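Here is the structure we will look at, set down as structure tokens.
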Amino acid sequence: MANNNTPDPSNSERASQIKINIQLDENRIPEKLSWAAVEGGVELEEAKAFMLSVWNSDEKSTKCIELWTKDMSMDEMKIFFHQTLLSMTETFQRATGDEKMSATMQDFCDYFAEKLELKK
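Quick note on numbering: the sequence shown equals residues 9 to 128 in our numbering.
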């Protein structure tokens, strides 16, 4: 890697970056979020929220960053959480192959959506 954190093309290892930009207001509240993943085809896209979880194997713990803009509506937040839970359910099933727990998680997602009146 070069000193400026850009991949060195002569290096045989592949590298990819995901960039998250956060603009804060005077009170350090997120005002604008955007992200880019050039290799994934996302040049620069605005977002109202993101959740990032990172597993630390040595500590056996998860570090999380959750941010949302001050103009994100409560309805949008409910949908965001529901879709995130659905995505986590799918990822859990692919990663573990545990069909029984995946079905339980899906049941919870359905319950969550019902209680928040997301599914009509």
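Each residue gets a CB set at the ideal place from its N, CA and C atoms; glycine is no exception. Just so we're clear, the structure is a prediction, and the values are computed from it rather than from any experiment.
Sequence-distant Cβ neighbours of Asp-33 in its own chain, meaning closer than 6 Å and more than five residues away, are Glu-39.
With a cut-off of 8 Å on Cβ pairs, the region 78-87 is in contact with the region 41-61, counting three or more such pairs. Glu-47 is positioned such that its CB atom lies closer than 8 Å to that of Ser-24. One Cα belongs to Ala-121, the other to Asp-115, and the distance between them is close to 10 Å. Note that the C-beta distance between Leu-41 and Leu-75 is below 8 Å. Excluding sequence positions up to five before and after Met-85, its CB lies within less than 8 Å of the CB of Ala-57 and Trp-76, all in the same chain and listed in chain order. Non-local beta-carbon contacts of Thr-70 in its own chain, meaning distances under 8 Å to residues more than five positions away in sequence, involve Ser-61, Val-62, Trp-63 and Asn-64 in chain order.
For Ser-81, there is no enclosing alpha helix (DSSP H), as DSSP marks it with neither H nor E. Remark: C-beta atoms of Lys-27 and Trp-43 approach each other more closely than 8 Å. Within its own chain, the residues whose Cβ lies closer than 8 Å to the Cβ of Ala-45, once the five positions on either side in sequence are excluded, are Ser-24, Gln-25, Ile-26 and Lys-27, listed in chain order. Taking all protein chains in view, the Cβ of Cys-117 is crowded by 16 or more other Cβ atoms within 10 Å, so the residue is classified as buried.
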